[in-house]
Structure formats: structure tokens, C-alpha cells
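**Student:**
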Ligand code: ADP
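In UniProt numbering, the protein residues as written are 5 to 224.
If you want it as C-alpha cells, here you go:
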């Protein structure tokens, strides 16, 4: 049974980003091999991940000895040492690991990582900065933007849309957004339907084009 088999992930670099990735993967049932050149970090996380080892990931021989070429997923969580980040990513690409995720500190770093074989590049600081910008100016409680200017946000129900069923609210035609989920104070999230009546203090999950969800979150 394919789905019951835990996924195995090698995480390279146990700084703030890499250790968060590793611990979250373990929390969700993955087997994690965690590597770092710094022995105190390896020691610190050795009890929490499946395997941890002190290793220089730029050395293909070292990675072979740890069976890294057998992994289907890898995360390169080396940030500031660009040379190590780029070399590690290219070694993993040489191993033909099917899914390589790499952290970049800048867009240029990210495009180099893609060139040497990363399948997914993440820019945590950059992305979080953008996200926070959306939160500080508006009434949004959370904001996630996808490609093509599409976003999902968590926001408070605008008073203007309150006290009538979503089906009669014209929210979709007026604002171009869809209310996907709703949370009443003290309750969990549920799917929104045409019959759902919004109240003040409700928290909404809203999807649509970034500009439209932004506009919707700004109405009161
Ligand atoms: P963060 O900002 O997430 O804390 P850092 O860049 O500070 O990221 O941390 C990256 C980690 O990667 C460090 O713990 C560092 O020791 C580790 N690292 C750097 N180069 C290598 C390498 N060649 N092999 C293995 N680990 C490495």
C-alpha cells in the first residue's frame, strides 16, 4: 500500500529554516535524514528526527555513504553559504533525486539553484516579507498568494455583507471573490454555502484575484 508507506526526506542544513522543515516533516509522519556540518546542531536534533549525521553535503562520496541517492525528496536548507547551497543542489541533481527543494536568500540565488537542478525554490524571507506587508495595511488575518495573482486570505466578515445569506449577498459579482469557509467565534471552520449567513465577528476564508480579495478585505 503506497499511501501507508512514510515518505523519506533528506534535509540538509539544520539552521532555523531546515530544522523547522525537519521537525514538521517528522510531526506529519515522514522519515527524516538530517545533515549538517555543525555537530552541535546534529546532536541537538538527533533525538527528534529519524537519523541525523554530521556531513558536508557538497561531497558526493559522503552523501553516497549515507544512501542519499536513494531518497526521492530532498530539502537544501543552506542559506548564507551560497557555494555550499549551489554545490549541494547540483550534487543532488546528479543523483537524479526526483524532488529537490532549495531555499534561496535572493531571486538571483534562486534562479541559479533552478539552473543547477532544484525543482522547487523557496524564498522564505522574501515571501514572508511580502505576506506581512499585506497583513499590516489591511484587516487581513492571513494571506497566501499563488501564481497568476491568485490569493486565499483569512479576514473578518465585513459588516456590509452581514446578516444575509451568502447566496443573496452578491459578493461574487460585486467583488469577484468567493467565500470558501467560515468560522464563528468559539467554533471550528466549516464550508460556506449559499445559505450561510454572515455575522459580525465571523472569520472568513476568501479566495480570488489578489487585488479583489484585497479590496474585499478593506470594506467595512
Ligand atoms: P537559517 O537562516 O535557516 O538559520 P543558515 O544559513 O544559518 O539558515 O543555516 C544553514 C545551515 O546549513 C547551517 O546550520 C550550516 O551549518 C549548514 N550547512 C552549511 N553548509 C553545509 C554543508 N556543506 N553541508 C551540510 N550543512 C551545511
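A virtual CB, placed ideally from N, CA and C, is assigned to each residue, including glycine. Treat the numbers as computed from the prediction; the structure is a model and nothing was measured.
Please look up how many angstroms separate the CB atoms of residue 185 and residue 198, rounded, as I've assumed it's under 8 Å.
**Tutor:** Going by Cβ atoms, the distance from residue 185 to residue 198 rounds to 14 Å, so no, they are not a contact pair.
**Student:** I'd like the list of long-range same chain contacts for residue 81, defined as Cβ closer than 7 Å, with 5 residues on each side in sequence excluded.
**Tutor:** Answer for residue 81: 15, 16, 17, 19, 21, 22, 25 and 107, listed in chain order.
**Student:** Using the Cα positions of residue 112 and residue 173, report the straight-line distance between them to the nearest angstrom.
**Tutor:** Rounded to the nearest angstrom, the two C-alpha atoms are 45 Å apart.
**Student:** For residue 116 and residue 43, what's the separation of their Cα atoms in angstroms?
**Tutor:** Residue 116 and residue 43: Cα-Cα distance of roughly 28 Å.
**Student:** If I follow the unbroken beta strand (DSSP E) through residue 138, where does it start and stop?
**Tutor:** Careful: residue 138 lies outside any beta strand (DSSP E), inside the alpha helix (DSSP H) at 128–141.
**Student:** For residue 5, count neighbouring Cβ atoms within 10 angstroms of its own Cβ and tell me buried if that reaches 16, exposed if not.
**Tutor:** Caution is warranted here: a pLDDT of 44 is assigned to residue 5, below 50, making its placement in the model unreliable, and the coordinate value is therefore given only provisionally. Label assigned to residue 5: exposed.
**Student:** Ignoring anything shorter than 4 residues, give me the alpha helix (DSSP H) runs that lie fully in the stretch 6–69, in order along the chain.
**Tutor:** The qualifying runs are 20–31, 43–49 and 64–69.
**Student:** Determine contact between the stretch 91–98 and the stretch 55–67, defined as no fewer than three beta-carbon pairs at a distance below 8 Å.
**Tutor:** They touch, by the three-pair rule.
**Student:** Can you give the beta carbon distance from residue 57 to residue 72, rounded, assuming they're within the 8 Å contact cut?
**Tutor:** That pair is no contact at about 10 Å.
**Student:** Applying the 10 Å Cβ sphere with the 16-neighbour rule, what's the burial state of residue 150?
**Tutor:** Exposed: under 16 other Cβ atoms inside 10 Å.
**Student:** Select from 192, 85 and 124 the residue whose C-alpha is nearest the C-alpha of residue 109.
**Tutor:** Comparing Cα-Cα distances from residue 109 to each of 192, 85 and 124, the minimum goes to 85.
**Student:** Kindly give me the distance between the Cβ atoms of residue 76 and residue 104, rounded to whole angstroms, as I take these residues to be in contact under 8 Å.
**Tutor:** Incorrect: roughly 10 Å between the Cβ atoms, too far for contact.
**Student:** With a threshold of 6 Å (Cβ to nearest heavy atom), would residue 84 be considered close to ligand 1?
**Tutor:** Yes, the Cβ of residue 84 comes within 6 Å of a heavy atom of ligand 1.
**Student:** Beta-carbon within less than 6 Å of residue 254's beta-carbon, same chain only, minus the 5 sequence neighbours each way: which residues are those?
**Tutor:** Shown here, the chain extends from 5 to 224; a query on residue 254 therefore has no answer.
**Student:** Cβ of residue 214 versus every heavy atom of ligand 3: is any distance shorter than 6 Å?
**Tutor:** Annotation note on ligand 3: not contained in the displayed structure, which lists ligand 1 as its ligands.
**Student:** What residue range is occupied by the uninterrupted alpha helix (DSSP H) comprising residue 220?
**Tutor:** Where residue 220 is concerned, the enclosing alpha helix (DSSP H) stretches over 214–222.
**Student:** Identify whether residue 103 lies in helix, strand or coil by the three-state DSSP scheme.
**Tutor:** DSSP places residue 103 in strand when its eight states are reduced to three.
**Student:** According to DSSP, is residue 203 helix, strand or coil?
**Tutor:** Coil, per DSSP.
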